[in-house]
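Under my numbering, read the sequence shown as residues 132 to 463, first letter to last. Below you'll find the structure, written out as structure tokens, and then a few comments.
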Amino acid sequence: MAEPGVLNPIDEVHAAREEIEAAPDAEEYRVLRRLATNPRNFFAVSFGGGSLHGLAGNCTLAALLEELGLRPHVREVWGTSAGALVGGAWSGGLRSTTILDRLLDGSVGPIHKPSWRHLATSAIRFVARRGLPEGLVPGDRIRAAVERGLPVRSFEECEIPFRAIACTDDGLGRKVVFEKGPLSEAILASMSIPGIFLPIRDWSGGDHGYMDGGIVEKTPLLSIIERHARAARDLELFVLCTHFDGGHTLRSPQGFLQRLVHAVQRAEDVVWTYQLEQARGAPGCKFAVLNPRIEHGGMFEFEMLRFNYLWSRRAFKAQLSNPELPKRMWGR
């Protein structure tokens with residue numbers, strides 16, 4: 132409990148909203164601007180997965196890049212899960228404010244809990260030994276919202292080249308990088324949390340489906356490095372990443388949905404730790420990982436979206452500033 136006259140962290144952030152939302156002073160971000168605008172650098176942006184925190188935090192990074200005039204210098208955008216949704220919309224031409232507004236008003240596919248009727252049907256099927264469904268959350272509403280919210284229909288129409296990561300559900304768990312074809316299908320595949328969302332079937336006729344890309348690469352980084360090496364570009368790679376580990380939330384997961392997703396995220400973070408060590412040894416690559424360490428709000432509490440955005444914006448403005456960004460850089 133906060134002391135009398137002392138704001139709790141949520142109220143304190145909202146009270147500081149005007150200061151937090153103030154445009155960044157370009158002079159305070161000279162290091163970032165130099166790295167992003169250097170013609171000898173290939174500047175890529177990586178939007179990591181992370182449920183509601185990822186939606187808010189990725190909108191934050193997109194907004195700061197716009198405000199600093201760096202969007203035109205982004206050569207590629209990558210996204211996983213929540214990062215695929217924000218990254219696909221941003222690459223397609225939507226500005227960060229529009230994406231955030233659509234998330235706030237629920238028009239870009241908010242995650243909703245399954246109805247009691249759906250859960251009761253699942254239980255009856257289980258008792259009748261017909262088996263549980265492949266996912267608890269029907270996908271029709273989310274699909275319609277994603278398709279309605281995207282400014283373009285295909286990867287090829289995106290203003291900035293976009294890549295989305297998913298994982299096959301054929302028992303092999305193969306990583307898949309989507310970069311061609313229908314944009315909404317790839318985003319939905321990348322967001323398909325196993326056991327929660329109904330799996331997205333392969334739209335090109337394959338006999339498998341796709342699961343959340345966070346299982347194999349929660350924050351795109353190794354894939355970007357590998358693709359850059361194969362392309363043999365005569366440029367240094369600079370990647371700006373977001374990562375949402377969820378390890379600093381103050382409240383333990385409650386209920387079946389949050390417990391399941393929390394368990395999946397913990398496994399994803401173990402994989403990420405290994406991938407981060409691998410990336411640190413990659414030659415010809417500089418990268419920085421931004422993590423807002425959001426401490427309040429559950430993974431599906433959309434009423435906390437505005438707070439999560441403000442929290443992330445304050446954290447990222449500090450982490451991207453001249454004195455702090457060099458501390459987050461690898462491969463200097």
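Even glycine gets a Cβ: it sits at the ideal position worked out from N, Cα and C.
#1: Specify, as a first and last residue, the run of the alpha helix (DSSP H) that residue 190 falls within.
#2: Report the residue from 235, 284, 329, 168 whose alpha carbon sits nearest the alpha carbon of residue 367.
#3: Does the Cβ-Cβ distance between residue 154 and residue 198 come in under 7 Å?
#4: By DSSP's criteria, residue 373 is part of a beta bridge. Which residues make up the other side?
#5: Between the segment 277–293 and the segment 335–353, do at least 3 Cβ pairs fall closer than 8 Å?
#6: Just list the residues that DSSP pairs residue 341 with in beta bridges.
#7: Do the segment 399–411 and the segment 346–363 meet, that is, are 3 or more Cβ pairs less than 8 Å apart?
#8: Within 10 Å of its beta-carbon, does residue 251 have 16 or more other beta-carbons around it, so buried, or fewer, so exposed?
#9: Counting only the same chain and skipping the five closest in sequence on each side, list residues whose C-beta sits under 6 Å from that of residue 435.
#10: Going by DSSP, what residue range makes up the beta strand (DSSP E) through residue 310?
#11: For residue 228, does the count of other Cβ atoms within 10 angstroms reach 16, so buried, or fall short, so exposed?
#12: List the DSSP bridge partners of residue 175.
#13: Which residues in the same chain as residue 281 place their Cβ atom closer than 7 Å to its Cβ, once the five residues preceding and following it in sequence are excluded?
#14: Take the Cβ of residue 439 as the centre, count every other Cβ of all protein chains shown within 10 Å, and call the residue buried at 16 or more, exposed below.
#15: Compare the beta carbon distance of residue 331 and residue 341 with 7 Å and say whether it is the shorter of the two.
#16: Enumerate in chain order the residues of its own chain whose CB-to-CB distance from residue 416 is below 6 Å, with the five nearest sequence positions on each side excluded.
#17: Pull up the distance between the alpha-carbon of residue 433 and that of residue 195, whole angstroms please.
#18: In angstroms, rounded to a whole number, what distance separates the CA positions of residue 410 and residue 191?
#19: What does the Cβ neighbour count give for residue 149, buried or exposed, with the cut at 16 atoms within 10 Å?
#20: DSSP puts residue 416 in a beta bridge; with which residues?
#21: Using the Cα positions of residue 437 and residue 165, report the straight-line distance between them to the nearest angstrom.
#22: With DSSP as the reference, label residue 146 as helix, strand or coil.
#23: With a 10 Å radius around its C-beta and 16 neighbouring C-beta atoms as the bar for buried, classify residue 374 as buried or exposed.
#24: Excluding sequence positions up to five away, which residues of its chain have a Cβ less than 6 Å from the Cβ of residue 413?
#25: Are residue 173 and residue 206 closer than 7 Å when you measure CB to CB?
#26: For a test of the three-state rule: what should DSSP assign to residue 462, helix, strand or coil?
#27: Look up residue 244 in the DSSP assignment and say whether it is helix, strand or coil.
#28: Which of helix, strand or coil does DSSP assign to residue 222?
#29: Take residue 308 as the anchor and find which of 421, 147, 209, 443 has the nearest alpha-carbon.
#30: For residue 201, which residues of its own chain have a beta-carbon under 6 Å away from its beta-carbon, when the five flanking residues on both sides are left out?
#31: Mapping DSSP to helix, strand and coil, what is residue 444?
#32: How would you label residue 145, buried or exposed, when you count the other beta carbons within 10 angstroms and need 16 or more for buried?
#33: Can you name, in chain order, every residue of its own chain whose Cβ lies under 6 Å from the Cβ of residue 243, other than the five neighbours on each side?
#34: Can you check which of these residues, 420, 459, 426, is closest to residue 183 by C-alpha distance?
#35: Quick one: what's residue 487 bridged to in DSSP?
If we stick to the structure as given:
#1: 182–198 is the extent of the alpha helix (DSSP H) around residue 190.
#2: 168
#3: yes
#4: Answer is 421.
#5: no
#6: Answer is 299, 331.
#7: yes
#8: Legend: pLDDT at residue 251 = 48, less than 50; position of this residue unreliable, no value from coordinates given.
#9: 428
#10: Per DSSP, residue 310 belongs to no beta strand (DSSP E) and is neither H nor E.
#11: exposed
#12: 207, 370
#13: 219, 220, 223, 314, 315
#14: buried
#15: yes
#16: 356, 368, 462
#17: Going by the C-alpha atoms only, they are around 22 Å apart.
#18: 24 Å
#19: Around the CB of residue 149, fewer than 16 other CB atoms lie within 10 Å, so the residue is classed as exposed.
#20: 368
#21: 31 Å
#22: helix
#23: buried
#24: 356
#25: yes
#26: coil
#27: Unreliable positioning characterises residue 244 in this predicted model, as indicated by a pLDDT of 47, which lies under 50. The coordinate reading is nonetheless provided below. If DSSP states are grouped into helix, strand and coil, residue 244 belongs with coil.
#28: helix
#29: For residue 308, the closest alpha carbon among the candidates 421, 147, 209, 443 is that of 209.
#30: 167
#31: helix
#32: Classification for residue 145: exposed.
#33: Unreliable placement is indicated for residue 243, whose pLDDT of 46 sits below 50; no coordinate value is reported for it.
#34: Checked all of 420, 459, 426; the closest Cα to residue 183 is 426.
#35: Residue 487 lies beyond the range of the chain shown here (132 to 463); nothing can be said about it.
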